[in-house]
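Using mature numbering (1 follows the signal peptide of the UniProt record, and there is no 0), the letters of the sequence shown correspond one by one to residues -23 to -1, 1 to 298.
Even glycine gets a Cβ: it sits at the ideal position worked out from N, Cα and C.
Note that the structure is predicted; figures quoted are calculated from it, not measured.
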Amino acid sequence: MEHFKTFVAASSIALLTSSGASAQDQDEENGNKDYRTFTAGDIAYGQIGDSYTADLVMYLAGNQFMVIEDLISDFQGKNPDIATIYVETIPPGQIINGQLLQQGQINGEDTAQNPDLYASVNLGHLTTLATENRMTDYKVYTHNKLELMVAKGNPKEIKGAEDLGRDDLVQSHPNPQTEGIMRFYGLAMLKDLGLYDKVTGGQDCKGCWAVADKVWFTDRHHRETPQRIEDGLADVGIVWTTEVKEAVDAGRDIEGVAIAAPFNKQDEVSYAIGQITDGRNPENAATFLEYLASDAAQDIYVSYGFVPASAEELTLKPIPK
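Below you can see the structure in the form of structure tokens.
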């Protein structure tokens, strides 16, 4: 219940503003990896048109990108009649503002405004859809916490979040405009530590230097921050614990530095999902929502470093207004 209370409180923050997902938001190498179509064990990338035709279409908070292949493989193995599944994993603020509340484009191609399911780390996004009569119920299906990502071997000897106040570090953080990790949790952590002004420079931008040559705000942090650290362009970045685990498991020259509770927001970060009322595949969406409550689905999330949801959280309930 504490997760829920804190989560709802965080959701009162105003909706993110965003110009929507577009080609300029992508980098050439990794852009299409956030748009995947799963068909009988095969994965296709960047087939945006599948958002109009797949048997199940899901727009999900991007920081769970590493889980999706195992999750969908298990789900399709149990539900082979749902033959094609299109999954988008980008910041949920970009999704709701740029693709659900208005017609959006990915790489110059229209993307469907009516996915079957939408998930965010901000319940306020789901509440907005409820006021538009586009969503009625939701469930919390997993949790996460903040961590610092650094280069392998931790050459700068970073010990915790307090070190973000050091003058000798170049930092790479999620932008506060469209990335929920920063908007709802990272900024709160910096304020708790008395570091908000020093780290943000009072800036609210994306793909920019918040503090000249010292603090970079990314377009899409789960792609950019590990690359910037590996390329020697940054020393440290605020990420999800799960993103550190994914990078280490992939053999990248990355490691993590734990952030002590309560600064890591481990009692606040909740992932909420709901069915879009005008989605094309309501029965398939309902089947996936049921699957998320299964031991198999929860175990897959846990294997990637997520914190499981409780039985009460995994029960569908009306979106609070």
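Measure the C-alpha to C-alpha separation of residue i and residue j and round it to an integer number of angstroms.
i: residue 282; j: residue 216; result: 13 Å
i: residue 249; j: residue 297; result: 12 Å
i: residue 72; j: residue 254; result: 16 Å
i: residue 174; j: residue 188; result: 10 Å
i: residue 15; j: residue 197; result: 23 Å
i: residue 17; j: residue 164; result: 41 Å
i: residue 219; j: residue 213; result: 16 Å
i: residue 162; j: residue 150; result: 12 Å
i: residue 105; j: residue 246; result: 19 Å
i: residue 166; j: residue 180; result: 16 Å
i: residue 111; j: residue 143; result: 46 Å
i: residue 287; j: residue 200; result: 30 Å
i: residue 9; j: residue 22; result: 6 Å
i: residue 2; j: residue 134; result: Low local confidence applies: a pLDDT of 39 at residue 2 is under 50, so the model's placement there is unreliable, and no value is given.
i: residue 194; j: residue 186; result: 6 Å
i: residue 257; j: residue 280; result: 31 Å
i: residue 28; j: residue 46; result: 17 Å
i: residue 177; j: residue 192; result: 7 Å
i: residue 58; j: residue 259; result: 14 Å
i: residue 24; j: residue 221; result: 28 Å
i: residue 169; j: residue 78; result: 33 Å
i: residue 207; j: residue 294; result: 43 Å
Can you tell me the Cβ-Cβ gap for residue i and residue j, rounded? I've got them flagged as a contact below 8 Å.
i: residue 126; j: residue 61; result: That pair is no contact at about 34 Å.
i: residue 292; j: residue 116; result: 6 Å
i: residue 114; j: residue 251; result: 6 Å
i: residue 48; j: residue 274; result: 7 Å
i: residue 20; j: residue 128; result: Their Cβ separation, rounded to whole angstroms, is 30 Å, which puts residue 20 and residue 128 out of contact at 8 Å.
In its own chain, which residues sit with a C-beta less than 6 Å from the C-beta of residue i, not counting the 5 before and 5 after it?
i: residue -13; result: Bear in mind that the predicted position of residue -13 carries a pLDDT of just 39, short of 50, making it unreliable; the figure below should be weighed with that in mind. Hits under 6 Å: 99, 100, 101.
i: residue 210; result: none
i: residue 4; result: In this prediction, residue 4 scores a pLDDT of 35, lower than 50, which makes its location untrustworthy; no coordinate-derived value is stated.
i: residue 87; result: none
Take residue i and list the residues in its own chain whose beta-carbon comes closer than 7 Å to its own, dropping the five residues that flank it on each side.
i: residue 270; result: 291
i: residue 11; result: 39, 42, 65, 66, 67
i: residue -10; result: Because the pLDDT at residue -10 is just 34, under 50, the model does not fix this residue reliably, and the value given afterwards should be weighed accordingly. Answer for residue -10: no residue qualifies.
For residue i, which residues in the same chain have their Cβ closer than 8 Å to its Cβ, ignoring the five residues on either side in sequence?
i: residue 146; result: 133, 135, 140, 191, 212, 213
For residue i, decide whether its Cβ has a neighbour in chain C, counting only Cβ atoms nearer than 9 Å.
i: residue 129; result: Of the chains in the structure shown, none is chain C; there is only one protein chain.
| alpha helix (DSSP H) runs wholly inside the region 96 to 179, at least 4 long, in chain order | 100 to 108, 164 to 169, 173 to 177
| Between the region 254 to 269 and the region 210 to 226, are three or more C-beta pairs nearer than 8 Å? | no
| said: Within 8 Å, do at least three Cβ pairs link the region 235 to 245 to the region 118 to 128? | reply: yes
| Meets three-Cβ-pair contact criterion under 8 Å: the region 55 to 73 and the region 143 to 163 | yes
| field | Cβ pair count under 8 Å reaching 3, the region 48 to 58 against the region 78 to 91 | value | no
| said: For the pair the region 93 to 102 and the region 23 to 42, tell me if three or more CB-CB distances fall below 8 Å. | reply: yes
| said: Which complete alpha helix (DSSP H) runs does the region 214 to 247 hold, if anything under 4 residues is left out? | reply: 218 to 226
| field | Residue ranges of each alpha helix (DSSP H) within the region 55 to 87, 4 or longer | value | 69 to 72
| message | What ranges does the alpha helix (DSSP H) occupy inside the region 250 to 292, keeping only unbroken runs of at least 4 residues that lie completely in it? | response | 259 to 269, 272 to 280
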